[in-house]
Each structure stands twice: as C-alpha cells, then as structure tokens.
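The sequence shown finishes on residue 301 if you use the working numbering, and the numbering steps up by one all the way, no holes. Structure, as structure tokens:
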Amino acid sequence: MLGVAVLAAAAGALVAVGPRVDGRSFGGFLAAKIACAATGGSCPSAGNADRLAAAYGESDAALVRRHLPGLVYERGTYALPVDPARCRAHACSDAPDDRDLDVHTSKDGTPATVFTRVTRHRGSTHIQYWLYYPDSNSVFPGSRRAWALLPGDPRYPGFHQDDWEGYFVRIDARGNVAVRASSHRGYRYCKQRRCEGMWGGETGWTRVSKGSHAGHIPLPRRRERTSTPAGLRLVPLETYDRSGYVPLDPGIRPPWRKRVWLNPEARDTG
C-alpha cells in the first residue's frame, strides 16, 4: 500500500513540475522519489525547495526546478558534480561508471550538487546551472600519450584543478526557451562544430564529456549513466558562502568571476 502511495505521489509530482521525459528519465525520476520516501526524505535533493525559495522567491524557484537538466555521462566518466566546500578530490566525487546506473551520491556518500543563478538580461530570464568537478583532464585521442614523449617533464596542458562547467537556459518575454552548455573556452548546443556558439531547443538533458566534462545537448535515449533531476542537490550561488572558496588553480575562475555571471549572453568562458 505504501509503495502504491509513493508511486502515486511521484507521478503527481511529475505532472506538477513537468520535466521533459524521453524514456530514460521517467524510471530515474520514480526511483529517486521512492528512494527519498523510503529514507524519510534523507536524500541529496532534500531542502531544495526551501533553499531556492529563500534565494529567488516562489516563482523563480519554480522556474529553476522546472528547467533543471538531467545529466548524462560519457562512458569512462567517474566524477559527479560536487560542492567544493565538501569535496575537492576524486576520492569523494567518484561513482561507478555503470550505464544502467542513475546516481545522485558518490561512493562515499557525497551528494551530486548543481549550483544555480537567476538573472534578467534584455527582457529575458536567464537560469545558470553550474557544475564543479575536482579537476579537468582532456582526453583528445592520443593527446596524453603524445605529450608523454616530449623531453623533460612538462605539465600536460589538458589538465587543471577546479573545473567549473555550466548549462544555461534563456526564457524570452514570450516564454520561448533556448539552452546551451559550456564547452572548453566557449559554449555550444550540439556536439558538432556547427553548433559552437549556438543556443537550441530544450531537451531536459546535458551531457558530460569524459575527462574535460565539457557539455553539449545529447541525442535522446543514449544508454549511459545518468543523474536525473529529481535527486540532484540544488544550491543558489546568490546565497552560497563564497568567502571560503580558494582556487586550487589560480588560472580557473569560479562562476561569480566569469563574464557570463554579469552578461549571460557572453561568448567565452573567461
């Protein structure tokens, strides 16, 4: 009886918040709701509504929840996005790489965390979703192997600590929605080069690339590890205590020091 009630509540919540469903998300949505109910609400997403409402008010908080994407991880990706106040190493950020897994906590229990920001720009509402990973290690085919052959002990240029990636939503005055994701030094919609700098239609998903964590909007129904929106911990950056954040790599700016923080239409990630 309890199981039926939980399923009914989850289905009702699905209708209420209206996330995009493409076949892979619905099972994860229900699993996250059931898991939270079974543990008495002790799950990564507990407290999301209160934190968002306190930062943005009920209306904008609802928008943030409505447009929160699910994460799809390229095969070979272990790290989850985490809160740097809690975790800055793979020992606490990593989870199994299992294409059948919908995951919201790392192997040591650290919650998958998405930071948020809401701003207005030229008549549009912009929602920024930020993901922090302990490091970035680009894996272009053969790049690390080729670099290892160089004389001396040069630092591999595809590696740096502190990796901030983002997914961005723009809602214009007519309610039209467009999205893009950060990718290396810029932004893109799809993975192909033609999508560099482009905004495109919302699908409810962003894909995390192996190593670099660069993003793009993925093809539907690809079978890879996911983090569905229902189980993600949300933290507004507007009320986040940033005073304790000290970059491990001085060349990597956190979101609040990037151009896109003040200009959500910026074309580069600096």
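For glycine and all other residues, C-beta sits at the position ideal for the given N, C-alpha and C.
Task: Cβ-Cβ separation, G206 to Y160 (assumed contact under 8 Å), whole Å - done: No, Y160 and G206 are not in contact; Cβ-Cβ is about 19 Å, not under 8 Å.
Task: Which residues DSSP lists as bridging D194, in chain order - done: Y164
Task: Secondary structure, alpha helix (DSSP H): runs of 4+ residues fully inside the segment 68 to 140 - done: 79 to 98 and 121 to 124
Task: Rounded straight-line distance, which links the Cα of Q223 to that of K138 - done: 33 Å
Open item on the list: Taking DSSP's pairing of strands, which residues face V210 in a bridge?
Closed with: V200 and G231
Task: Exposed unless 16 or more other CB atoms sit within 10 angstroms - verdict on N294 - done: exposed
Open item on the list: Whole angstroms are fine: how far does the CA of G242 sit from the CA of W195?
Closed with: Across the structure, W195 and G242 are spaced so that their CA atoms are roughly 13 Å apart.
TODO: Rank F199, D193 and Q192 by C-alpha distance to the C-alpha of W236 and give the top, closest one.
DONE: Ranking the options by Cα distance to W236, first place goes to F199.
TODO: Could you name the residues of the same chain whose beta carbon sits closer than 6 Å to that of H98, not counting the 5 residues immediately before and after it, in chain order?
DONE: Closer than 6 Å at the Cβ level, and outside the excluded window around H98, lie I158 and V200.
Task: Cβ shell of R151 (< 8 Å), same chain only, five flanking positions each side left out - done: H157
TODO: Examine the Cβ distances between the segment 246 to 262 and the segment 279 to 299 and report whether three or more of them are shorter than 8 Å.
DONE: no
- [ ] Please report the residue range of the alpha helix (DSSP H) in which R290 lies.
- [x] It spans R290 to L293 - the alpha helix (DSSP H) in which R290 sits, taken as one unbroken run.
Task: Environment of P127 [buried if 16+ CB atoms lie within 10 Å] - done: exposed
TODO: Look at the Cβ atom of G246, then the Cβ atom of R238, and state whether they are nearer than 9 Å.
DONE: Less than 9 Å divides the Cβ of G246 from the Cβ of R238.
Task: Continuous beta strand (DSSP E) stretch holding V239: start and end - done: W236 to V239
Open item on the list: Based on DSSP bridge pairs, tell me the residues matched to G217.
Closed with: S214
- [ ] Measure the beta-carbon distance from G231 to C221 and round it to whole angstroms, keeping in mind my assumption that it falls under 8 Å.
- [x] Contact between G231 and C221 holds, with the beta-carbon distance rounding to 7 Å and staying under 8 Å.
Task: As assigned by DSSP and simplified to three states, the class of S155 - done: strand
- [ ] Can you tell me the Cβ-Cβ gap for A143 and L263, rounded? I've got them flagged as a contact below 8 Å.
- [x] 6 Å
Task: Same chain only: Cβ atoms within 6 Å of V210, ignoring 5 sequence neighbours per side - done: V200 and E233
Task: Distance, Y109 Cα to D133 Cα - done: 13 Å
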